[in-house]
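Start counting the sequence shown at 1; every next residue gets the next number (my numbering).
What follows is one structure encoded as structure tokens, with my remarks underneath.
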Amino acid sequence: MSAPARVCGVCGTPARAPFRAPQPEIAPDLDMRPGEPARSTLADWIQTCRGCSAAAPDLAALPPDARAVVESPAYRALTTDGLEETLPFRRWALLCRAAGDHAAEAEALLQAAWAADDAAAMSAAAALRKEVVRLWADPAEEETALRQLDALRRAGEFDAAAARATALAHRDLSETAQSILRFQQARIAARDTGRHLISSALPPPAHAPHVSHGKRASTGFWHRLFRR
Ligand SMILES: [Zn+2]
């Protein structure tokens, strides 16, 4: 038996199965961009329908009423408004926003920032990160708060980043989060907008064993680091 044909949920054009990134073997960045070999597959994460230009990780999962968004002037304007490499992510972000899913919108725009990083488009990347910071607002979860701090720093918003770091330091953080926060504070003080691996921010006893188990370093593994 052949599998049922996958089609775009908006227009019915054949769609491919969602991309499955390979397991990361290297630690993620401080903003949780996964390490290689997953890292360099970024351009495959969002597919764009050749029929209607809808963009999503899984076109078949789009609801038919996404058509109104895809045909809207705001969606069409995305084509000319920004960097081409970021277009699929900005399109998906707009669909998430229209669906009221601001967490997914923030993730999509952060991925757009990563695409801008890869294109060496620094001002576009900074603008996208500021938008992500705004969408995350005042996150309760420490992992999101730390990713937001990284976005502020990498956008060059050093005063805002320093203030946010000071506020975070007053929270009851896990040891892992405290290590990352201290690392970020040093990078903010140095006016460093560069990317750093999360393993750089962890003390040797915490991260050394994981290097030898690098092939198991999935995103889920790193997420568990934030648990108490
Ligand atoms: Zn379509």
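Idealized CB from N, CA, C, for every residue including glycine.
Here the structure is a predicted model, which means the values were calculated and not measured.
Below 8 Å on the Cβ atoms is my contact criterion, and I expect V7 with L62 to pass it. Report the Cβ-Cβ distance as a whole number of Å.
Contact annotation, V7 with L62: C-beta distance approximately 10 Å; criterion of less than 8 Å not satisfied.
Residues near H207 in its chain [Cβ-Cβ closer than 6 Å; skip 5 each side]:
Since pLDDT at H207 reaches only 48, below the 50 mark, its modelled position is unreliable, and the value read off the structure follows with that caveat. Beyond the five residues adjoining it in sequence on each side, H207 comes within less than 6 Å, by CB distance, of S199 in the same chain, given in chain order.
How many angstroms separate the CA atom of F89 from the CA atom of A116?
Rounded to the nearest angstrom, the two C-alpha atoms are 11 Å apart.
State yes or no: is the C-beta of A169 within less than 8 Å of the C-beta of D31?
No, the Cβ-Cβ distance between A169 and D31 is not below 8 Å.
Count the CB pairs spanning the segment 176-186 and the segment 58-72 that are closer than 8 Å, and state whether there are at least three.
No, they do not touch.
Rounded C-beta distance between A155 and A126? I'm assuming under 8 Å.
About 4 Å separates the two Cβ atoms, so the contact holds.
Beta-ladder partner(s) of A56, from DSSP:
Beta-bridge pairing links A56 to Q47.
Reduced DSSP secondary structure (H/G/I, E/B, other) of D117:
Helix, per DSSP.
Taking Cβ positions, are I188 and A201 nearer each other than 8 Å?
Between I188 and A201, the C-beta gap is not smaller than 8 Å, which leaves the two residues out of contact.
In angstroms with no decimal places, state the Cα-to-Cα distance between Y75 and T166.
Rounded to the nearest angstrom, the two C-alpha atoms are 38 Å apart.
Classification of E299 by the beta-carbon crowding that lies within 10 angstroms, buried from 16 upward
A query on residue 299 cannot be resolved here, the shown segment of the chain reaching from 1 to 228 and no further.
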